[in-house]
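K.L.:
Chains as they are written, first to last, in my numbering: chain D, 8 to 229; chain H, 29 to 250.
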Amino acid sequence: MHHPTKRQLFAYAESLAAGGVSIPADTARHLAGCEGCASEVRGMRDSLEFVGSAPELEPSPELTGQILAAARSERIGMDTRRSGVRVLGLCAKGLACAATLLVMAGLSFRVALHESAPSTASLAGPPVVHRTVASRPSPEDIRKATADLEVLAGALYARSEEPLTPAAWQHRRAVNMLNADMSAALAFLKHNPGSVRASRVVNSCLKRQVDTMKMAYVEQTS
Amino acid sequence: MAEGTRKTLRNQVAGRLRLFDPDALPVRERSDETLMLEHGAGSEEAFEELVRRHQRGVLNYTYRMVQNRQIAEELTQEVFVALVKNGARYRPTAKFTTYLYTIASNIVSKEWTRRKRRPRFVSLSQWGKRGEDEFNPEEHVGDDRASVLASFQRGEVSEAVNTALRELPDHQREAFVLRRFQDLSYEEIAQVTNAPIGTAKSRVVRAERALRPLLSRFREYV
Numbered sequence: 008m009h010h011p012t013k014r015q016l017f018a019y020a021e022s023l024a025a026g027g028v029s030i031p032a033d034t035a036r037h038l039a040g041c042e043g044c045a046s047e048v049r050g051m052r053d054s055l056e057f058v059g060s061a062p063e064l065e066p067s068p069e070l071t072g073q074i075l076a077a078a079r080s081e082r083i084g085m086d087t088r089r090s091g092v093r094v095l096g097l098c099a100k101g102l103a104c105a106a107t108l109l110v111m112a113g114l115s116f117r118v119a120l121h122e123s124a125p126s127t128a129s130l131a132g133p134p135v136v137h138r139t140v141a142s143r144p145s146p147e148d149i150r151k152a153t154a155d156l157e158v159l160a161g162a163l164y165a166r167s168e169e170p171l172t173p174a175a176w177q178h179r180r181a182v183n184m185l186n187a188d189m190s191a192a193l194a195f196l197k198h199n200p201g202s203v204r205a206s207r208v209v210n211s212c213l214k215r216q217v218d219t220m221k222m223a224y225v226e227q228t229s
Numbered sequence: 029m030a031e032g033t034r035k036t037l038r039n040q041v042a043g044r045l046r047l048f049d050p051d052a053l054p055v056r057e058r059s060d061e062t063l064m065l066e067h068g069a070g071s072e073e074a075f076e077e078l079v080r081r082h083q084r085g086v087l088n089y090t091y092r093m094v095q096n097r098q099i100a101e102e103l104t105q106e107v108f109v110a111l112v113k114n115g116a117r118y119r120p121t122a123k124f125t126t127y128l129y130t131i132a133s134n135i136v137s138k139e140w141t142r143r144k145r146r147p148r149f150v151s152l153s154q155w156g157k158r159g160e161d162e163f164n165p166e167e168h169v170g171d172d173r174a175s176v177l178a179s180f181q182r183g184e185v186s187e188a189v190n191t192a193l194r195e196l197p198d199h200q201r202e203a204f205v206l207r208r209f210q211d212l213s214y215e216e217i218a219q220v221t222n223a224p225i226g227t228a229k230s231r232v233v234r235a236e237r238a239l240r241p242l243l244s245r246f247r248e249y250v
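Dropping the structure here:
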């Protein structure tokens, strides 16, 4: 006679202890004719039912309060740690902006020197350099955008104790994404100081960051 | 690559923002996974609902594992604090209960490691007061004077189960408790304990086999 495995007998005993919802027919047929297996299942069922009769612990009324209080203090601790990281992030942003300003100021100074020097080319027609300068963002633009950014960042992060709204999350993500673009452009500018395209990217990122942070501020304060 | 990452980020933001849809289900009707995502996005209400739903289950699991109510309550608190810490990183790749009991299992394992390093506590809720490490209920159940009988006469089925569970190896006890008390499927037990499903099943069957003689003796006194 082929006996069911222990696992099969246990599964059968479990289903009996659970009220016989789904009893395997093969095992049931075997048990009807095999006293050894039937007694094994009885033993299993008895111990499962005994274990099942053990009462459950009820959480004390204070437990919920304690859990919520511990969770709240953990959340505050995480916010404090995160705001520390934010301060570092702001410093990094400030340094990146300062580096941009230096690069742009250096470039403008060099271009201004070229412009002031008389040359035969300038008499022949509009110089190529002049067109390049016109399409490049001026240092004043960048300085203004950076100053706006600093003011807005200061105003926004001063309110960092308050929980962030979904819109604020989205704005923060957008600012971070722009920051990533700007860092890439700055890295490119470092190796190619004359790149107009990179300068434009930096300038447009700064402006878009200012716009996004303005929106975030308006939503946070309204 | 960068564009792909940005798209993923945008999708994540959009997904999380959808959770704040005012037309969404009331908190009590939302799934555990939805609540956990909302909690990750900063909703305290969602976290409170998760605590309300699962604190009892986690408390009973930790209680059966460490067999001391006070420590079980502390561990339950730790489990929910861990949910706060990991809330932002949560991804609903499996059932929430699997995730929850995996955290609980890790915390219980740490507690066992801590216990091995320090002198054993004496639980007021446990059987006899002397030599609990060497205590074997089978040797005492026939003795009217033994504390085991006195305790049992008070109808402490739960304590009897705890005492029997203490005789099991840790991994068998864990699999058995998750199956019989927390009603987890074998697939979930396998994930929580990081073992193959066959191993999880064998552990439960072996645990029952080891518990049976202890429980059958206790049962006679009920």
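The C-beta atom is built at its ideal place from N, Cα and C for all residues, glycine as well. Note that the structure is a prediction, hence the values are computed from the model and not measured.
If you run the structure through DSSP and keep just helix, strand and coil, what is A223/D?
P.N.:
Working through the first sequence from its first residue, we reach residue 223/D at position 216. A223/D: helix per DSSP, three-state reduction.
K.L.:
Do R97/H and Y89/H have their beta-carbon atoms positioned less than 8 Å apart in this structure?
P.N.:
Your numbering for residue 89/H matches position 61 in the second sequence. Your numbering for residue 97/H matches position 69 in the second sequence. No, they are not a contact pair.
K.L.:
Taking the alpha helix (DSSP H) that H82/H belongs to, which residues open and close that run?
P.N.:
Mapped onto the second sequence, residue 82/H falls at position 54. Taken as a continuous stretch (DSSP letters only), the alpha helix (DSSP H) holding H82/H covers E72 to V94.
K.L.:
Does the pairing of the stretch 124 to 142 of chain H with the stretch 191 to 211 of chain H give three or more beta-carbon distances under 8 Å?
P.N.:
Segments in contact, yes.
K.L.:
With a CB to CB cut of under 8 Å and the five nearest residues on each side skipped, what residues in its chain are close to L108/D?
P.N.:
Counting from one through the first sequence, the residue named residue 108/D turns up at place 101. Cβ-Cβ distances below 8 Å link L108/D to P146, I149, R150 and T153 in the same chain, with the five nearest sequence neighbours on each side left out; the list follows chain order.
K.L.:
Looking at C-alpha atoms only, which residue of R117/H, T121/H and V94/H is the closest neighbour of N134/H?
P.N.:
On the second sequence, position 106 is the one that residue 134/H refers to. The option with the nearest alpha carbon to N134/H is V94/H.
K.L.:
Any beta carbon of chain H sitting closer than 8 Å to that of V58/D?
P.N.:
For the purposes of this step, residue 58/D is taken as the residue at position 51 of the first sequence. For V58/D, the answer is yes, since a Cβ of chain H falls inside 8 Å of its Cβ.
K.L.:
Using three-state DSSP, classify P68/D as helix, strand or coil.
P.N.:
On the first sequence, residue 68/D is found 61 positions in, with the first residue counted as 1. Note: P68/D maps to helix in three-state DSSP.
K.L.:
Flag T125/H as yes if its beta-carbon sits less than 8 Å from any beta-carbon of chain D, otherwise no.
P.N.:
For the purposes of this step, residue 125/H is taken as the residue at position 97 of the second sequence. False, the Cβ-Cβ gap to chain D never drops below 8 Å.
K.L.:
Is it the case that the Cβ atoms of A24/D and R52/D are separated by a distance below 8 Å?
P.N.:
Here residue 24/D refers to the residue found at position 17 of the first sequence. Here residue 52/D refers to the residue found at position 45 of the first sequence. It is a contact, given that the beta carbons lie within the stated cut-off.
K.L.:
Comparing alpha-carbon positions, which option in G85/H, I99/H, P120/H and A110/H lies nearest L63/H?
P.N.:
Here residue 63/H refers to the residue found at position 35 of the second sequence. Checked all of G85/H, I99/H, P120/H and A110/H; the closest Cα to L63/H is P120/H.
K.L.:
Cβ closer than 9 Å: which chain H residues qualify as neighbours of A77/D?
P.N.:
Within the first sequence, numbered from 1, the residue matching residue 77/D stands at position 70. In chain order: Q105, E106, F108, V109 and V112.
K.L.:
Do you know offhand how far L111/H's Cα is from I131/H's?
P.N.:
Here the question's residue 111/H lines up with position 83 in the second sequence. Here the question's residue 131/H lines up with position 103 in the second sequence. Cα-Cα distance, rounded: 8 Å.
K.L.:
Using a Cβ-Cβ cut-off of 8 Å (strictly less than) and excluding sequence neighbours within five positions of Q15/D, which residues of its own chain qualify?
P.N.:
Residue numbering aside, residue 15/D sits at position 8 when the first sequence is read from its first letter. So the qualifying residues of the chain are P31 and T34.
K.L.:
Identify whether K123/H lies in helix, strand or coil by the three-state DSSP scheme.
P.N.:
Along the second sequence, read from residue 1 onward, the residue named residue 123/H stands at position 95. K123/H falls in the coil class under three-state DSSP.
K.L.:
Shorter than 8 Å from the beta carbon of E66/H to some beta carbon of chain D?
P.N.:
In the second sequence, counting from the first residue as 1, residue 66/H sits at position 38. No - not a single Cβ of chain D is within 8 Å of the one on E66/H.
K.L.:
Would you report the Cα separation of Q181/H and A235/H, rounded to the nearest angstrom?
P.N.:
In the second sequence, the residue the question calls residue 181/H occupies position 153. In the second sequence, the residue the question calls residue 235/H occupies position 207. Note that Q181/H has pLDDT 49, beneath the 50 cutoff, so the model's placement of it is unreliable and no number is given.
K.L.:
Ends of the alpha helix (DSSP H) at E202/H?
P.N.:
For the purposes of this step, residue 202/H is taken as the residue at position 174 of the second sequence. First-last of the alpha helix (DSSP H) with E202/H: D198 to R208.
K.L.:
Counting pairs of beta carbons, one from the stretch 43 to 52 of chain D and one from the stretch 76 to 90 of chain D, are three or more of them closer than 8 Å?
P.N.:
They do not touch, by the three-pair rule.
K.L.:
Any C-beta of chain H sitting closer than 8 Å to the C-beta of A131/D?
P.N.:
As a first step, residue 131/D must be located in the first sequence, where it is residue number 124. With a pLDDT of only 46 at A131/D, under the threshold of 50, the placement of this residue in the model should not be trusted; the figure read from the coordinates follows. No, A131/D lies away from the interface with chain H (no Cβ there is under 8 Å from its Cβ).
K.L.:
Pull up the CB-CB distance for A116/H and G68/H, whole angstroms please, since I reckon it's below 8 Å.
P.N.:
Here the question's residue 116/H lines up with position 88 in the second sequence. Here the question's residue 68/H lines up with position 40 in the second sequence. At roughly 5 Å, the Cβ-Cβ gap stays under 8 Å, so A116/H and G68/H are in contact.
K.L.:
Give me the Cβ distance between Y224/D and L156/D, rounded to the nearest whole Å; I'm assuming they're in contact under 8 Å.
P.N.:
Here the question's residue 224/D lines up with position 217 in the first sequence. Here the question's residue 156/D lines up with position 149 in the first sequence. The Cβ separation is near 12 Å, so there is no contact.
K.L.:
Check each residue of the stretch 21 to 47 of chain D: if its Cβ is closer than 7 Å to any Cβ of chain H, include it; give the result in chain order.
P.N.:
none
K.L.:
What does a CB cutoff of less than 7 Å around L103/H pick up in its chain, not counting 5 residues either side in sequence?
P.N.:
Translated into the one-based positions of the second sequence, residue 103/H becomes position 75. Within the same chain, L103/H has close Cβ partners T90, V94, I135, V136 and E139.
K.L.:
Determine whether the Cβ of S244/H lies closer than 8 Å to any Cβ atom of chain D.
P.N.:
What you label residue 244/H is simply residue 216 of the second sequence in a count that begins at 1. Output row for S244/H: interface = yes.
K.L.:
Of all Cβ atoms in chain D, is any one closer than 8 Å to the Cβ of E76/H?
P.N.:
Position 48 of the second sequence, counted from the start, is the residue given in the question as residue 76/H. Interface residue, yes.
K.L.:
Assuming L185/D contacts R215/D (C-beta within less than 8 Å), just tell me the rounded distance between them.
P.N.:
Taking the first sequence and counting its residues from 1, one reaches residue 185/D at position 178. Taking the first sequence and counting its residues from 1, one reaches residue 215/D at position 208. With a contact defined as Cβ atoms closer than 8 Å, L185/D and R215/D qualify at about 5 Å.
K.L.:
If the criterion is Cβ atoms closer than 8 Å, does the pair L65/H and S54/D meet it?
P.N.:
Here residue 65/H refers to the residue found at position 37 when the second sequence is read from its first residue. Here residue 54/D refers to the residue found at position 47 when the first sequence is read from its first residue. Cβ distance not < 8 Å, so L65/H and S54/D don't count as in contact.
K.L.:
How many Å lie between Q219/H and V107/H at the Cα?
P.N.:
For this step, residue 219/H is matched to residue 191 along the second sequence. For this step, residue 107/H is matched to residue 79 along the second sequence. Q219/H and V107/H: Cα-Cα distance of roughly 17 Å.
K.L.:
If distances are taken between C-alpha atoms only, which option among V55/H, Q83/H, R81/H and L128/H comes closest to S71/H?
P.N.:
Within the second sequence, residue 71/H is the residue found at index 43, counting from 1. The shortest C-alpha separation from S71/H is found at V55/H.
K.L.:
Strictly below 7 Å CB to CB, what residues from chain H border A266/D?
P.N.:
Here chain D comprises residues numbered 8 to 229, so residue 266/D is not present and cannot be evaluated.
K.L.:
For chain D, is any of its Cβ atoms less than 8 Å away from the one on K144/H?
P.N.:
Here residue 144/H refers to the residue found at position 116 of the second sequence. False, the Cβ-Cβ gap to chain D never drops below 8 Å.
K.L.:
Let me know if N190/H comes out buried or exposed under the rule of 16 or more other beta-carbons within 10 Å of its beta-carbon.
P.N.:
Reading the second sequence from its first residue, position 162 is the one you call residue 190/H. Under this definition N190/H is a buried residue.
K.L.:
Just to confirm, is the Cβ distance from A228/H to A203/H under 8 Å?
P.N.:
Along the second sequence, one-based indexing puts residue 228/H at 200. Along the second sequence, one-based indexing puts residue 203/H at 175. Their beta carbons are under 8 Å apart, which means A228/H touches A203/H by this criterion.
K.L.:
Taking the beta carbon of P11/D as the centre, do at least 16 other beta carbons fall within 10 Å, making it buried, or is it exposed?
P.N.:
As a first step, residue 11/D must be located in the first sequence, where it is residue number 4. Classification of P11/D: buried, given that the 10 Å Cβ count is 16 or more.
K.L.:
Quick one: list the residues of chain H neighbouring E81/D, beta-carbon separation under 8 Å, in chain order.
P.N.:
Translated into the one-based positions of the first sequence, residue 81/D becomes position 74. Correct list: V109, V112 and K113.
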